[in-house]
Amino acid sequence: MGSAAGRSSERGRYRYTLAEKGEKIVMHVSNFRPVKRVSDVIDTFAGIVEKMPSRLVMVGDGPERSAAMDQVNALGLSDKVSFLGKHSYVDELLSSADLFLLPSSSESFGLAALEAMAAGTPVVAANVGGLREVVADGKTGFLCKTGDIKAMTDHSLHLLSDPVLWESFSKMGLSVVEDQFSAAEVVPRYEEFYAEVLGSK
């Protein structure tokens, strides 16, 4: 999977194509299934964009993508949310993000969060399953009760508005990926993750 430090060097490559100058990039990557709670991603972003210039980038495809697009339109956020669909360069996209949201109701391992951390992107996620093993609450990101939109929004705004805290979380995330998760354990899981996002399984 390459070194985390090497991947973080890609930060910013896609920023100019994803957002306007000065906007924070919030990202979500998934297969858009009910367990991912994509509607919570959008509701959380609605609270973020109300307080600071930002853009939500949704990567992947699945059964709830259409409903998510309808929700975005209903909230009047269509000019602030991008749906990229299936994408081959997820790691490079993540390297351009300022924050990764993962409010899932269940995660067996939390691989999407690990991928974000490997890209140097802090995570705000639900406090469930494998996400507890991957995200160090208060060190590489924040964990919230599933469905607690206010907590996710508040933690997101805290991170995005504090450059020193953001840098600390980013560096700690890279360190955790390199030190605590071996390639032998993670590579097969990465393959499963990309198969889901690219729609090959």
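Note that the working numbering numbers the sequence shown so that position 119 is 136, with each residue one more than the last.
Every residue, glycine too, gets a C-beta built ideally from N, C-alpha and C.
Here the structure is a predicted model, which means the values were calculated and not measured.
Unbroken alpha helix (DSSP H) run spanning residue i, endpoints
{"i": "Gly-64", "result": "55 to 68"}
{"i": "Lys-167", "result": "166 to 178"}
{"i": "Thr-34", "result": "32 to 35"}
Extent of the continuous beta strand (DSSP E) run through residue i
{"i": "Val-98", "result": "98 to 102"}
{"i": "Ser-219", "result": "Missing from the structure shown is residue 219; the chain here goes from 18 to 218 and no further."}
{"i": "Val-52", "result": "First-last for Val-52: undefined, no H or E at that position."}
{"i": "Lys-38", "result": "Here Lys-38 belongs to no beta strand (DSSP E), and DSSP marks it neither H nor E."}
Buried or exposed by the 16-neighbour rule on C-beta atoms within 10 Å, applied to residue i
{"i": "His-45", "result": "buried"}
{"i": "Ser-112", "result": "buried"}
{"i": "Gly-164", "result": "exposed"}
{"i": "Thr-61", "result": "buried"}
{"i": "His-125", "result": "Reading the sequence as shown, one finds Ser at residue 125 and not His. Flag for Ser-125 reads exposed."}
{"i": "Gly-127", "result": "buried"}
{"i": "Asp-115", "result": "buried"}
{"i": "Asp-57", "result": "buried"}
Whole-angstrom distance between residue j and residue i, CA atom to CA atom
{"i": "Val-141", "j": "Leu-119", "result": "6 Å"}
{"i": "Ala-135", "j": "Leu-191", "result": "5 Å"}
{"i": "Ser-47", "j": "Gly-147", "result": "15 Å"}
{"i": "Asp-108", "j": "Ala-91", "result": "30 Å"}
{"i": "Ile-166", "j": "Ala-63", "result": "10 Å"}
{"i": "Glu-14", "j": "Gly-158", "result": "Look at the range of the chain in this structure, 18 to 218, and you will see that residue 14 is not part of it."}
{"i": "Ser-20", "j": "His-104", "result": "Caution applies to Ser-20, whose pLDDT of 46 falls short of 50 and renders its modelled position unreliable; the value that the coordinates give is listed next. Taking the straight line joining both Cα atoms gives about 21 Å."}
{"i": "Val-145", "j": "Ser-122", "result": "7 Å"}
{"i": "Asp-154", "j": "Ser-185", "result": "13 Å"}
{"i": "Trp-183", "j": "Val-66", "result": "18 Å"}
{"i": "Lys-53", "j": "Leu-131", "result": "16 Å"}
{"i": "His-172", "j": "Met-75", "result": "20 Å"}
{"i": "Met-86", "j": "Val-152", "result": "28 Å"}
{"i": "Glu-195", "j": "Gly-93", "result": "40 Å"}
{"i": "Thr-170", "j": "Val-55", "result": "14 Å"}
{"i": "Lys-188", "j": "Thr-34", "result": "25 Å"}
{"i": "Leu-221", "j": "Phe-100", "result": "This structure gives no information on residue 221, because the portion of the chain shown stretches from 18 to 218."}
Residues near residue i in its chain [Cβ-Cβ closer than 7 Å; skip 5 each side]
{"i": "Val-89", "result": "Ile-59, Ser-95, Val-98"}
{"i": "Ala-14", "result": "Since the first residue shown for the chain is 18 and the last is 218, residue 14 is missing from the structure and cannot be characterised."}
{"i": "Gly-102", "result": "Asp-78"}
Close beta carbons around residue i, own chain, < 8 Å, minus the five adjacent residues each side
{"i": "Met-69", "result": "Lys-41, Leu-174, Leu-177, Ser-178"}
{"i": "Arg-50", "result": "Gly-79, Pro-80, Glu-81"}
{"i": "Arg-32", "result": "Ile-42, Ser-113"}
{"i": "Ala-22", "result": "Any reading at Ala-22 must be qualified, since the residue scores a pLDDT of 43, below 50, and its modelled position is unreliable; the value itself is stated next. The residues are Leu-191, Glu-195."}
Contacts around residue i, its chain only, beta-carbon distance under 6 Å, and the 5 residues preceding and following it disregarded
{"i": "Arg-72", "result": "Ala-36, Glu-40, Ile-42, Lys-97"}
{"i": "Phe-117", "result": "Met-44, Ala-133, Thr-138, Val-140"}
{"i": "Ala-168", "result": "Cys-161"}
{"i": "Val-193", "result": "Thr-157"}
>> At 3 residues or longer, what runs of the beta strand (DSSP E) sit wholly inside the segment 84 to 159?
In response: The segment 84 to 159 contains these whole beta strand (DSSP E) runs: 98 to 102, 116 to 119, 140 to 143.
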